[in-house]
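Numbering (our numbering), first residue to last: 1 to 133. Notes for the one structure printed next.
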């Protein structure tokens, strides 16, 4: 089996597992499988031989989506750590709800910007594909 085909199969399998975990309300597992899916898809795009004209644009788009997924997974783990039993350190120092709300809004803006740029890269790649007769 070629490497690119194996990465495509791994991406599809991780995507199905991510959706299944999301349906079962397993947020951490869904984010992890989603990240694995995007990384496998990124590897497939880089390793494939076809569509050389748009390969790096697609890779940039999928890479940005993977970065956003990694950031959301990190933020979710951070949120779970702060919501658990008594924590010592930064979580205890931030007691103001307004400060926490502003921090979450800023994080969502960063994630939304990353998603928008990633989707724009993918849209540019699709528009650059050669038309079929």
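We treat Cβ as the ideally placed atom computed from N, Cα and C, and that holds for glycine.
Short of 8 Å in beta carbon distance, which residues of its chain neighbour residue 6, apart from the five on each side in sequence? Order them along the chain.
Counting only Cβ-Cβ distances below 8 Å, and skipping sequence neighbours, we find nothing.
Taking the straight line between their C-alpha atoms, what separation do you get for residue 86 and residue 64?
A caution first: residue 86 carries a pLDDT of 48, below 50, which makes its placement in the model too unreliable to give a value.
What's the gap between the Cα of residue 26 and the Cα of residue 33?
Between residue 26 and residue 33, the C-alpha separation is close to 11 Å.
Could you check the C-alpha separation between residue 8 and residue 109 for me, to the nearest Å?
The straight-line gap from Cα to Cα measures roughly 31 Å.
Output the distance between the C-alpha atoms of residue 73 and residue 120, rounded to the nearest integer angstrom.
Computed Cα separation, rounded: 23 Å.
DSSP on residue 86, reduced to helix/strand/coil?
Residue placement at residue 86 is flagged as unreliable, the pLDDT there being 48, under the threshold of 50; the coordinate-derived value follows with that caveat. Residue state, collapsed to three classes: coil.
Between residue 19 and residue 130, what straight-line distance do the alpha-carbon atoms span, to the nearest angstrom?
Rounded to whole angstroms, residue 19 to residue 130 spans 32 Å at the Cα level.
Report yes if the C-beta distance between residue 22 and residue 11 is below 8 Å; otherwise report no.
Their beta carbons are not under 8 Å apart, which means residue 22 does not touch residue 11 by this criterion.
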